[in-house]
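Trainee: This is the structure I want to talk about, given as structure tokens.
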Amino acid sequence: GAGVSQTPSNKVTEKGKYVELRCDPISGHTALYWYRQSLGQGPEFLIYFQGTGAADDSGLPNDRFFAVRPEGSVSTLKIQRTERGDSAVYLCASMLGQGSNEQFFGPGTRLTVL
Amino acid sequence: GQSLEQPSEVTAVEGAIVQINCTYQTSGFYGLSWYQQHDGGAPTFLSYNALDGLEETGRFSSFLSRSDSYGYLLLQELQMKDSASYFCAVRGGYSTLTFGKGTMLLVSP
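If you're matching them up, the sequences are chains A and B in order.
Just so we're on the same page, our numbering is the position in the first sequence counted from 1, plus 154.
Just so we're on the same page, our numbering is the position in the second sequence counted from 1, plus 132.
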């Protein structure tokens with residue numbers, strides 16, 4: 155079946171602009187995670203959704219970052235007033251449920267802030 | 133907070149065996165996962181250890197010692213396609229993952 159998909163694959167924006175990154179998880183997966191990966195680093199946790207609600211947003215770096223999952227499926231990560239330091243690959247992962255051990259990652263969105 | 137240490141790079145030849153070590157310090161621990169990531173690709177799950185001991189999955193095995201805060205990934209019969217970055221990750225509350233910086237494995241002919 156289809157895996158996790160993310161759009162766009164690449165996004166170039168200017169400092170100060172607003173961006174939205176989309177994640178389509180595997181159908182039926184209730185758990186959804188956003189991570190951010192900088193060059194030469196491991197993925198860094200941002201936010202976790204169980205169903206429609208954000209159960210843990212402790213990884214969001216500041217209030218410019220926000221994410222939603224209104225129907226418990228597709229999720230959108232929103233970044234306001236982008237800064238050059240936001241440049242990274244944003245990864246989405248889904249998991250069937252808390253009883254599972256495997257997170258399935260999407261290919262990521264490479265965000266470049268000029 | 134949580135921190136993980138793993139070697140930055142390991143080199144080996146085809147057919148060899150390689151071990152990638154991971155030590156961690158964490159305030160909340162449910163288990164240790166391993167992920168593989170090829171250059172430009174998505175991380176893919178390799179294994180998970182919640183309890184002490186060895187888990188074997190084909191050519192890959194993973195070991196955990198909770199008392200030593202230590203684990204390793206063992207790759208046998210190395211193939212060129214195994215050249216990739218390997219990440220250990222601590223599973224915390226809500227199954228969130230805290231990743232190490234990754235180990236780049238270079239397999240040569």
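Don't be surprised by glycine CBs; every beta carbon is placed ideally from N, CA and C.
(1) Is Ala174 (chain B) close to chain A, meaning its C-beta is less than 8 Å from at least one C-beta of that chain?
(2) Is there a Cβ of chain B sitting closer than 8 Å to that of Ala221 (chain A), yes or no?
(3) Whose C-alpha, out of A:Gln195, A:Ser159 and A:Leu214, is nearest the C-alpha of Arg176 (chain A)?
(4) Check this for me: beta carbons of Ile152 (chain B) and Gln138 (chain B), under 8 Å apart or not?
(5) Is any beta-carbon of chain B found at less than 8 Å from that of Asn164 (chain A)?
(6) In its own chain, which residues sit with a C-beta less than 8 Å from the C-beta of Leu238 (chain B), not counting the 5 before and 5 after it?
(7) Does Tyr172 (chain A) pass the burial test, meaning 16 or more other C-beta atoms within 10 Å, or should it be called exposed?
(8) Could you say which of B:Thr158, B:Gly190, B:Leu207 and B:Thr155 lies nearest to Ser217 (chain B) if we only look at CA atoms?
(9) Listing by chain order, which chain A residues have their CB less than 8 Å from the CB of Thr228 (chain B)?
(10) Using a C-beta cutoff of 8 Å, does Gly207 (chain A) count as contacting chain B?
(11) Taking Leu245 (chain A) and His183 (chain A) to be in contact with their CB atoms under 8 Å, please state how far apart those CB atoms are, rounded to whole angstroms.
(12) Is any beta-carbon of chain A found at less than 8 Å from that of Gly203 (chain B)?
(13) Would you call the CB atoms of Ala221 (chain B) and Phe259 (chain A) closer than 8 Å?
(14) Taking all protein chains shown into account, do 16 or more other C-beta atoms lie within 10 angstroms of the C-beta of Gly196 (chain A), making it buried, or fewer, making it exposed?
(15) Should Thr236 (chain A) be labelled buried (16 or more other beta-carbon atoms within 10 Å of its own) or exposed?
(16) Which stretch, first to last residue, makes up the beta strand (DSSP E) that contains Phe161 (chain B)?
(17) Grab me the residues of Lys275 (chain A)'s own chain with a C-beta within less than 6 Å of its C-beta, minus the 5 sequence neighbours each way, in chain order.
(18) Evaluate the contact criterion for the stretch 198 to 208 of chain A versus the stretch 165 to 182 of chain B: three or more CB pairs, one atom per stretch, below 8 Å.
(19) Do we get a CB-CB distance below 8 Å when we pair Pro179 (chain A) with the residues of chain B?
(20) Under 8 Å Cβ-Cβ, which residues of chain A neighbour Gly232 (chain B)?
Mentor: Based on what the coordinates show:
(1) Position 42 of the second sequence, counted from the first residue, corresponds to residue 174 (chain B). Chain A contact via Cβ: present.
(2) The residue labelled residue 221 (chain A) in the question sits at position 67 within the first sequence. No, Ala221 (chain A) lies away from the interface with chain B (no Cβ there is under 8 Å from its Cβ).
(3) Along the first sequence, one-based indexing puts residue 176 (chain A) at 22. With respect to the C-alpha of Arg176 (chain A), the residue from A:Gln195, A:Ser159 and A:Leu214 having the closest C-alpha is A:Ser159.
(4) By 1-based counting over the second sequence, the position of residue 152 (chain B) is 20. By 1-based counting over the second sequence, the position of residue 138 (chain B) is 6. For Ile152 (chain B) and Gln138 (chain B), yes; Cβs fall inside 8 Å.
(5) Counting from one through the first sequence, the residue named residue 164 (chain A) turns up at place 10. No, no contact with chain B.
(6) Numbered from 1 along the second sequence, position 106 holds the residue referred to as residue 238 (chain B). Setting aside the 5 residues that flank it on each side, Leu238 (chain B) is surrounded in the same chain by Glu141, Val142, Thr143, Ala144 and Ser215, each with a C-beta closer than 8 Å to its C-beta; the list follows chain order.
(7) Locating residue 172 (chain A) in the first sequence gives position 18, where the first residue counts as 1. Around the beta carbon of Tyr172 (chain A), a 10 Å sphere encloses fewer than 16 other beta carbons of the protein chains shown; the residue is thus reported as exposed.
(8) For the purposes of this step, residue 217 (chain B) is taken as residue 85 along the second sequence, with counting starting at 1. Out of B:Thr158, B:Gly190, B:Leu207 and B:Thr155, B:Leu207 has the C-alpha closest to the C-alpha of Ser217 (chain B).
(9) Counted from its first residue, the second sequence places residue 228 (chain B) at position 96. Within chain A, the residues near Thr228 (chain B) are Tyr187, Phe199, Tyr202, Asp210 and Gly213.
(10) Numbered from its first residue, the first sequence carries residue 207 (chain A) at position 53. Not one beta carbon of chain B lies nearer than 8 Å to the beta carbon of Gly207 (chain A).
(11) Position 91 of the first sequence, counting from 1, holds the residue named residue 245 (chain A). Position 29 of the first sequence, counting from 1, holds the residue named residue 183 (chain A). At roughly 15 Å, the Cβ-Cβ gap does not stay under 8 Å, so Leu245 (chain A) and His183 (chain A) are not in contact.
(12) Within the second sequence, the letter at position 71 stands for residue 203 (chain B). It does not: the Cβ of Gly203 (chain B) has no partner Cβ on chain A nearer than 8 Å.
(13) If you number the second sequence from 1, residue 221 (chain B) lands on position 89. If you number the first sequence from 1, residue 259 (chain A) lands on position 105. With a cutoff of 8 Å on beta-carbon distance, Ala221 (chain B) and Phe259 (chain A) are scored as not near each other.
(14) Translated into the one-based positions of the first sequence, residue 196 (chain A) becomes position 42. Answer is buried; the Cβ neighbour count reaches 16.
(15) The residue labelled residue 236 (chain A) in the question sits at position 82 within the first sequence. Buried is the call here.
(16) Translated into positions along the second sequence, residue 161 (chain B) becomes position 29. It is not in any beta strand (DSSP E) - Phe161 (chain B) carries neither H nor E in the DSSP assignment.
(17) Outside the displayed range of chain A (155 to 268) lies residue 275 (chain A), so it cannot be described from this structure.
(18) Counting Cβ pairs under 8 Å, fewer than three are found: no touch.
(19) In the first sequence, the residue the question calls residue 179 (chain A) occupies position 25. By this cut-off, Pro179 (chain A) is not an interface position.
(20) In the second sequence, counting from the first residue as 1, residue 232 (chain B) sits at position 100. Under the 8 Å cutoff, chain A gives Gly196.
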